[in-house]
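Peer 1: So that we are looking at the same thing, I have put the structure below in structure tokens.
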Amino acid sequence: GKDRVFNTPLCEQGIVGFGIGVAVAGATAIAEIQFADYIFPAFDQIVNEAAKYRYRSGDLFNCGNLTIRAPWGCVGHGALYHSQSPEAFFAHCPGIKIVIPRSPLQAKGLLLSCIEDKNPCIFFEPKILYRAAVEQVPVEPYNIPLSQAEVLQTGSDVTLVAWGTQVHVIKEVAAMAQEKLGVSCEVIDLRTILPWDTETVCKSVVKTGRLMISHEAPLTGGFASEISSTVQEECFLNLEAPISRVCGYDTPFPHIFEPFYIPDKWKCYDALRKMINY
């Protein structure tokens with residue numbers, strides 16, 4: 003009812019700060035930031051308050067009951083302030099979890115796991131899910147484990163890793179690679195960015211010897227860099243080609259040029275072909 007779900011002033015710092023207070027008091031708090039692009043005014047509350055509350059109090063207090071929801075990623079017409087993917091900004095912050103689903107079915111199970119988890123979570127929701135027409139989602143509650151990637155397709159030649167919207171792109175790329183090149187791709191949906199499932203990704207790369215990571219956020223400092231460095235440390239002797247990152251450009255997100263900015267299936271396919279021919 004209205005006592006549990008209510009509007010607030012449009013002040014992201016206040017929304018998250020209020021959510022932290024509610025969570026510290028012991029209630030389940032779900033704070034919504036209308037777009038992930040506008041989460042930055044709340045950066046201090048998330049990074050210096052929510053993420054560190056348990057640590058700095060010596061585990062006397064925590065706001066683990068806090069989940070922050072935010073629409074995320076490009077949608078086709080969002081331009082600068084309605085298209086960003088800011089997960090990497092928060093991935094540098096111990097004490098929180100970052101989760102990004104690829105589909106309605108995943109969204110429900112992962113969101114419930116975030117709500118029940120005893121750590122503050124940021125749940126980024128791809129905007130395309132709000133317009134997804136078809137997927138059967140069970141009515142009853144169910145959970146999908148956090149920090150556990152999902153292998154959507156097994157393969158032997160290349161490992162493809164993505165999360166959120168970009169998972170659908172790399173699935174298309176895997177089909178193209180099989181049809182045009184006879185290349186078998188293993189497709190992994192990371193699902194949780196922090197802490198991420200290093201074991202599943204590294205196990206796959208040891209098998210395939212090649213890794214491509216793709217996300218919409220800019221290339222420099224994107225989370226693909228963290229995955230790449232970890233895999234290189236753990237699987238260096240197994241690599242048959244340099245790790246490939248297919249990401250957005252290092253520019254603000256454009257409006258009219260969005261189709262050229264995003265890492266579509268053709269960019270990913272070209273990168274995959276270069277890896278195979280290395």
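Just so we're aligned, residue 3 is where the sequence shown starts under this note's numbering, counting upward by one. Here a beta-carbon is modelled for each residue, glycine too, at the ideal position from N, C-alpha and C.
Among residues of its own chain, excluding the 5 on either side of residue 146, which ones have a beta-carbon nearer than 7 Å to its beta-carbon?
Peer 2: 108, 111, 112 and 115
Peer 1: Just checking, does the stretch 26-41 make contact with the stretch 72-89 on the three C-beta pairs under 8 Å criterion?
Peer 2: yes
Peer 1: Please list the segments of the beta strand (DSSP E) lying wholly inside the stretch 6-40, counting only runs of 3 or more residues, in order along the chain.
Peer 2: Listed in chain order, they are 31-34.
Peer 1: Using a 10 Å radius around the Cβ and a threshold of 16 neighbouring Cβ atoms, would you call residue 138 buried or exposed?
Peer 2: exposed
Peer 1: My assumption, with CB atoms under 8 Å, is that residue 162 sits in contact with residue 176. Please give the rounded CB distance.
Peer 2: Indeed they touch by this definition, with Cβ atoms about 6 Å apart.
Peer 1: Would DSSP call residue 139 helix, strand or coil?
Peer 2: coil
Peer 1: Between the beta-carbon of residue 257 and the beta-carbon of residue 81, is there less than 7 Å?
Peer 2: yes
Peer 1: Straight-line CA distance for residue 141 to residue 10?
Peer 2: 29 Å
Peer 1: Would the stretch 245-256 and the stretch 206-223 be scored as touching if the rule is three or more Cβ pairs under 8 Å?
Peer 2: yes
Peer 1: So, are the CB atoms of residue 65 and residue 26 less than 7 Å apart?
Peer 2: yes
Peer 1: Apply the 10 Å Cβ neighbour rule to residue 144 and answer buried if 16 or more other Cβ atoms are within range, or exposed otherwise.
Peer 2: exposed
Peer 1: Could you give the first and the last residue of the continuous alpha helix (DSSP H) run that contains residue 84?
Peer 2: It is not in any alpha helix (DSSP H) - residue 84 carries neither H nor E in the DSSP assignment.
Peer 1: To test your reading of the DSSP string, which unbroken beta strand (DSSP E) runs of 3 or more residues are found completely within the stretch 139-193?
Peer 2: If we require 3 residues or more, the beta strand (DSSP E) runs fully inside the stretch 139-193 come out as 152-155, 160-164 and 187-191.
Peer 1: Please state whether DSSP places residue 74 in a helix, a strand or coil.
Peer 2: strand
Peer 1: Residues in the same chain with beta-carbon distance under 6 Å from residue 280, minus the five sequence neighbours each way, listed in chain order, please.
Peer 2: Around residue 280, the same chain offers 243 as residues with beta carbons nearer than 6 Å, after the five sequence neighbours per side are excluded.
Peer 1: Taking residue 151 and residue 193 to be in contact with their CB atoms under 8 Å, please state how far apart those CB atoms are, rounded to whole angstroms.
Peer 2: 6 Å
Peer 1: So what does DSSP say about residue 106, is it helix, strand or coil?
Peer 2: Three-state DSSP puts residue 106 in a helix.
Peer 1: Among 225, 206 and 92, which has the Cα closest to the Cα of residue 153?
Peer 2: For the residues 225, 206 and 92, the minimum Cα distance to residue 153 belongs to 206.
Peer 1: Which first and last residues belong to the alpha helix (DSSP H) in which residue 267 is found?
Peer 2: 267-278
Peer 1: Kindly indicate which residue of 56, 61 and 17 has the alpha-carbon position closest to the one of residue 45.
Peer 2: Checking every option, the nearest Cα to that of residue 45 belongs to 17.
Peer 1: Report back the beta-carbon spacing between residue 249 and residue 223 to the nearest angstrom; my notes put them in contact at under 8 Å.
Peer 2: Taking 8 Å as the upper bound for CB-CB distance, residue 249 and residue 223 are not in contact here, some 10 Å apart.
Peer 1: Taking C-alpha atoms, which residue in 149, 63 and 24 lies nearest to residue 70?
Peer 2: 24
Peer 1: Do you know offhand how far residue 73's Cα is from residue 129's?
Peer 2: 6 Å
Peer 1: Judging by CA-CA distance, which residue of 7, 20, 29 and 122 is the nearest neighbour of residue 57?
Peer 2: 122
Peer 1: Pull up the distance between the alpha-carbon of residue 271 and that of residue 184, whole angstroms please.
Peer 2: Approximately 13 Å between the Cα atoms of the pair.
Peer 1: Considering only DSSP beta bridges, list what residue 215 is partnered with.
Peer 2: 163 and 247
Peer 1: Does the distance from the CB of residue 157 to the CB of residue 181 come in under 7 Å?
Peer 2: no
Peer 1: Quick one: measure Cβ to Cβ for residue 22 and residue 51, integer angstroms, because I've assumed they're closer than 8 Å.
Peer 2: 6 Å
Peer 1: Alpha carbons only, please: which of 179, 195, 186 and 235 is nearest the one belonging to residue 204?
Peer 2: 235
Peer 1: Buried or exposed for residue 201, going by 16 or more other Cβ atoms inside 10 Å?
Peer 2: exposed
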